[in-house]
Amino acid sequence: MDLCQKTQHKLQVIEKEHGIQWSLEGDADLQFLLIGGELIKIRSRSWKKNRLLKLQEDCKTFWHESHRIFKKSHTFSIDDIDSVRMGRQSEGLNKHTDPSVEDQCFSIIFKGSKRNLDLMAHTREDAKQWVKSLNKVISSMRNLNCQQKSEHWIINCMRKADKNDDKKMTLKELKRFLRQINVEVDDTYAEEIFKTCDKSNSGSLEGSEIKHFYGLLTQREEIDVIYGKYAQTEGQMSAKDLLDFLLKEQREQVSMGDVLKLIEKYEIDETAKQKKHMSKDGFLMYLQHEDGSILNPAHKRVYQDMSQPLNHYYISSSHNTYLKEDQLKGPSSTEAYIKALMKSCRCVELDCWDGANGEPVIYHGYTLTSKILFRDVIKAIKEYAFKTSDYPVILSLENHCTVDQQRLMAHHLISILGDALVVKPLGNTMPTNFPSPEELKGKILIKGKRLNKLDAVFTNNNTIEEEMVSEEDEAADCKENGQKAKPKKSKIKLAKELSDLVIYCKSVHYSGFEHAKDNQAFYEMSSFKESKAFNLAETLATAYIHHNMDKLSRIYPAGSRTDSSNYNPMPMWNVGCQIVALNFQTPSKEMHINQGRFLPNGFCGYILKPEFQRSFSSTFNPNKLTDGPWLQRKVFHIMIISAQQLPKLNKDKAKSIVDPLVRVEIHGVPTDNASKETHYIENNGFNPMWNERFQFNIQVPELAMVRFVVEDYDSASQNDFIGQYCLPLTSVQNGYRHVPLLTKRGDAISSAGLFVHLMLIDV
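Numbering (the working numbering), first residue to last: 69 to 831.
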């Protein structure tokens, strides 16, 4: 089969089975969505309108009717959907519909800040059919491999460029198509491509000519070069050739048995597979799957020891979890808790105040942020705490309530959370250390004030009633931030019922590391505002690390960050702080680093700290490096080769093409922090090539993070963000690797990525 025949065969397969129809062609659920139907869209008790919703022919875009004067229809992509929920599971439906229509309701939850689509079907059966069909199509789209996503995306762009839908492509349509896929070419070059493919001289491309054009477009020269170097057997890679590649280039410890498994897994040509060969298409398939990804596939599951004490782990933690936007007037929402928990956040914050009708509420006190019921938040936590991770969730209570409402808080926690709530220490004797995440699987811990010591649980000395305790340090700091003179710390009366639920995370004021060592039990923990924590990390780093070896520390952003911006979490992790709380609602570089930190180990929200942050004999100081097990000098070589299918930033402007550049950042101990970037490439977001090499010297690899950032160069203003990806250096695979790209909010950009070569070498 020659190249032209291969390309034609490939495109016939694509045309026949393109998009999610690879797995769903002729499927009844898919047909249901393609036909569509009428649903009731719900915005409020009084705003309930009939709207048509249907899946378009590309099997990726949904269309729904709008009655706005200037916008008669709306569309959204399957890629925009975070989840579909059956029943009255959104705030809107819970508030604006009656329990009697529970079975007719469902919600489409979008990624980022886009408003939920709350819908009601006319019957219970219809609602179940919609949810079942939507979930099947979403799952099928997410399960496409990189190559399938790429082909699906290109064919959709071709369809959009074919304005008159005649299945042909004129020169004008070809130029429009190239702009759609983020490539700007001059007219001469466009005409050359067109003439090369227009074998019939008809003035338009059709059938095999479009397939020829597709083959030219998707050819990866950089892959051809690599494949050609190792394909030494009948123009293909034999199993031995592939073994040579994996040993020499990828630096993988593999056997011939492993190689044969890869051929079986990725080779798409049956003849090549029978010969135990890997064709170029199979090789590309391998590179675009998890075995060819920058992230070590072994780290995609829980691979670390989860039986260490809880304080030996970094714990993914959120600050002001209830907020969707800023801290002055933004909305509070149970949805914010759900989104944080679904991102494997394991410590969420509840800012509790007296509410109307005796029901405690959560909001940012003394501000215009909206209020949500404490009870509703606990219900949402119960429902979503363990959907993405089985490991324990900590509820950090900032309690401003009167005793009666505290008692109701305790009642809601016990009645709603049930057996998941830890109400006494594990075991029958007074513990001397934390239990492990493994022992606490499926459990919820309360962090807050406690009236007495924990050993009272095992004695008859637990009859103490409510009394005054100092408020949480963060509450005092928030008030201090709004006043010129430092106010005297308030005291609140603490209800015994709520106090008794605080077991392993008792809040105490920080009075110095020596004081903590001599006077605090392991379960007594302090919260540090960022300025205090950064100062301690700078001046008393080793003492801070030792403090965190047997106690927990929580860090929170300064109260002055009213825009919900974030601080850099790296210096806090460098001194072993576990609960480094960030504003999850704010897309930022700091959140990218946080997402990267918790990406490996099954994205479970817990990462085991390096041994030198757990051993009391350690003298590690991130600011003044000395010899020790932490010092493992390495050179990290990176070659940025190319990018594929970068998104257009201004989709409304047809001629808006990106000029991409790539920046590589190292975040770790101060000595290791570094940043280098490529030159920019003009007018090509489809397949830009750089072939630029960088070198980084790394002293403490166990703490280092690698962040890739792609930007659109702008000579007159700040560069525009295109995509990013971050992961720990210890999870990086050597060799030729694909790097997926994520949005500013951390969601995958379908089919976009970088192709790089990486080598981490001991000095």
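In this text, a Cβ means the ideal position worked out from N, Cα and C, and glycines have one as well. A quick note: this is a predicted structure, and the numbers were derived from the prediction, not measured.
Under 8 Å by Cβ, that's how I've got MET638 and ILE623 pegged, so tell me the actual separation to the nearest angstrom.
With 8 Å as the limit, MET638 and ILE623 do not qualify as a contact, their Cβ atoms being about 12 Å apart.
* Asked: Excluding the five sequence neighbours on either side, which residues of its own chain have a C-beta within less than 8 Å of the C-beta of LEU363, listed in chain order?
  -> LEU667, PRO668, LEU795, SER799, VAL800, GLN801
Nearest residue (CA-CA) to CYS225, options ARG210, ASN203, VAL251, VAL205 = VAL251
- Query: Does DSSP classify LYS736 as helix, strand or coil?
  - Reply: It should be pointed out that residue 736 corresponds to Gly in this sequence rather than to Lys. In the structure shown, GLY736 sits in coil (DSSP, three-state: anything other than H, G, I, E or B).
C-beta contact flag for VAL730 and GLU745 at 8 Å:
yes
Is there contact between the segment 776–793 and the segment 810–823, where contact requires at least three CB pairs shorter than 8 Å? yes
Nearest to ASN634 by CA position, among MET617, LYS597, ARG119, is which residue? LYS597
| query | Excluding the five sequence neighbours on either side, which residues of its own chain have a C-beta within less than 8 Å of the C-beta of LYS411, listed in chain order? | reply | SER384, THR456, PHE652, GLN663, GLY814
| said: Check this for me: beta carbons of VAL737 and LEU693, under 8 Å apart or not? | reply: yes
Are the CB atoms of CYS415 and SER375 within a distance shorter than 8 Å?
No, they are not a contact pair.
- Message: Less than 7 Å between C-beta atoms, sequence neighbours within five positions excluded: which residues of the same chain meet that for ARG319?
- Response: ASN802, GLY803
### Query
What do you reckon, are the CB atoms on LEU522 and LEU562 nearer than 8 Å?
no
Going by the DSSP bridge assignment, what does TYR390 pair with across the sheet?
BP columns for TYR390 are empty, so no partner.
Could you check if HIS380 is buried or exposed, using at least 16 other CB atoms within 10 Å of its CB as the buried criterion? buried
query: Nearest to ILE817 by CA position, among CYS573, ALA195, ARG210, LEU98, is which residue?
result: Comparing Cα-Cα distances from ILE817 to each of CYS573, ALA195, ARG210, LEU98, the minimum goes to ARG210.
Span of the beta strand (DSSP E) holding ILE223? Element bounds for ILE223: not the beta strand (DSSP E) but the alpha helix (DSSP H), 214–229.
For the ligand PLP, is there any heavy atom lying closer than 7 Å to the beta carbon of GLU745? In the structure shown, the ligand PLP is absent, as is every other ligand, since no ligand is present at all.
Please return the same chain residues whose Cβ sits closer than 7 Å to the Cβ of MET477, not counting the five positions on each side in sequence. CYS420, PRO428, PHE442, CYS469, LEU566
Own chain partners of VAL778 with C-beta closer than 6 Å, once the 5 adjacent residues on each side are dropped = Counting only Cβ-Cβ distances below 6 Å, and skipping sequence neighbours, we find PRO728, VAL730, ILE790, GLY791.
Exercise for review: Work out the CA separation of VAL370 and MET353 for me, nearest whole Å.
Suggested key: The straight-line gap separating the alpha-carbon atoms of MET353 and VAL370 is approximately 26 Å.
task: Take every Cβ of the segment 398–408, pair it with every Cβ of the segment 430–446, and state whether three or more of those distances are shorter than 8 Å.
output: yes
Bounding residues of the alpha helix (DSSP H) (the contiguous stretch that carries PRO639): 638–642
Just to confirm my understanding: we take GLU106, look at its own chain, exclude 5 residues before and 5 after, and list those with CB closer than 6 Å. What are they? ASN118, LEU120
| said: For the segment 297–307 against the segment 337–346, do three or more pairs of beta-carbon atoms, one drawn from each stretch, fall closer than 8 Å, so that the two count as touching? | reply: Cβ pair count under 8 Å is three or more, so yes.
Selected residue, minimal CA-CA separation from SER685, among ALA258, GLU332, ALA611, LEU714
ALA611
Practice prompt. Keeping to the same chain, check which residues put their C-beta closer than 6 Å to that of LYS116; ignore five residues upstream and five downstream.
Written response: ILE108, ILE110
* With DSSP run on the structure shown, which of helix, strand or coil describes MET593? -> Here MET593 carries a strand assignment [DSSP, helix/strand/coil].
Item checked: Start-to-end residues for the beta strand (DSSP E) that takes in TYR804 -> 803–810
Since TYR390 and TYR434 are thought to touch, with beta carbons under 8 Å apart, how far apart are those beta carbons, to the nearest angstrom? About 15 Å separates the two Cβ atoms, so there is no contact after all.
Express the C-alpha separation of PRO655 and GLN763 in angstroms, rounding to a whole number.
29 Å
- Query: So, does the CB of ALA229 fall closer than 8 Å to a CB anywhere in chain B?
  - Reply: No chain B is present in this structure, which holds just one protein chain.
Whose C-alpha, out of LEU714, GLN786, ILE829, is nearest the C-alpha of LEU809? Nearest to LEU809 by alpha-carbon distance, out of LEU714, GLN786, ILE829, is LEU714.
| task | Kindly indicate the opening and closing residues of the beta strand (DSSP E) around LYS117. | result | 116–123
Thinking ASN759 and ILE709 are a contact (beta carbons under 8 Å), I'd like their distance in whole angstroms, please.
6 Å
Where in the segment 733–784 do unbroken runs of the beta strand (DSSP E), each at least 3 residues long, occur, reported from the N-terminal end onward? Within the segment 733–784, the complete beta strand (DSSP E) runs of at least 3 residues are 742–745, 757–766, 773–780.
Where the alpha helix (DSSP H) through GLN356 begins and ends:
348–356
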